[in-house]
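In this note's numbering, the protein residues as written are 42 to 220.
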């Protein structure tokens with residue numbers, strides 16, 4: 042929670058961006074960390090242009106229970122990362138991506154998050170696993186969703202393209218070096 046708050050403050054103060062020009066992106070546990078900005082002890086939660094969640098669980102304890110139904114490991118967790126309890130406090134548009142073949146976090150948990158709030162859109166990625174949902178898919182699905190996103194969609198798509206190029210180059214380098 043403190044880390045998410047520091048990143049948010051950095052974006053506002055040092056990068057000098059207005060709240061409504063920032064898109065918060067969280068993937069897997071990172072989605073729960075992003076949602077921690079809307080915890081009950083944050084008196085001034087952010088109002089970003091949008092919140093994008095990719096393969097995020099509804100709560101860590103629920104996900105642990107799904108993985109280990111016969112053992113009460115969820116009782117041992119120090120932080121439950123209650124994404125489902127926090128997402129209802131988000132007033133910004135929310136887009137939730139989840140792959141149908143995710144074996145780490147079941148797609149039902151992503152759907153559950155989307156059903157909690159009326160300002161969300163759930164996007165199912167057919168065949169998508171936990172770590173292989175193509176970033177380009179995110180940008181294509183955002184276009185036309187929310188007027189506030191139009192101002193940031195171009196920059197987001199450019200960022201996604203750049204990340205895809207870097208990933209592709211890294212794969213090429215890894216393949217050529219025999220790694």
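Glycine is no exception: its CB is placed at the ideal position from the N, C-alpha and C atoms.
Item: Of the choices 117, 97, 108, 121, whose alpha-carbon is the least far from that of residue 172?; Value: 97
Item: Whole angstroms are fine: how far does the CA of residue 47 sit from the CA of residue 85?; Value: 14 angstroms
Item: Going by CA-CA distance only, name the one from 131, 111, 62, 54 that's closest to residue 35.; Value: Any property of residue 35 remains undetermined from this structure, which presents the chain solely from 42 to 220.
Item: Where does residue 137 fall in DSSP's three states?; Value: strand
Item: By Cβ distance, which residues of its chain are closer than 7 angstroms to residue 150, with the 5 residues on each side in sequence left out?; Value: 98, 99, 103, 104
Item: Across which residues does DSSP place residue 67 in a beta bridge pair?; Value: 94
Item: Measure the alpha-carbon distance for residue 91 versus residue 43 and round it to whole angstroms.; Value: 20 angstroms
Item: I'd like to check one pair, residue 78 with residue 49: are the Cβ atoms closer than 7 angstroms?; Value: yes
Item: If you check the beta carbons only, do residue 65 and residue 75 fall under 7 angstroms apart?; Value: yes
Item: What would DSSP say about residue 156, mapped onto helix, strand or coil?; Value: helix
Item: How is the alpha helix (DSSP H) around residue 103 delimited, first residue to last?; Value: 101 to 108
Item: If distances are taken between C-alpha atoms only, which option among 128, 109, 56 comes closest to residue 81?; Value: 128
Item: Return the CA-CA distance between residue 133 and residue 159, expressed in angstroms with no decimal places.; Value: 10 angstroms
Item: Would you grab the beta carbon distance between residue 57 and residue 88 for me? Rounded to a whole angstrom, and I think it's under 8 angstroms.; Value: That belief does not hold up - the Cβ atoms of residue 57 and residue 88 are roughly 17 angstroms apart, past 8 angstroms.
Item: Could you check whether residue 143 and residue 170 sit closer than 7 angstroms to each other, using their CB atoms as the reference points?; Value: yes
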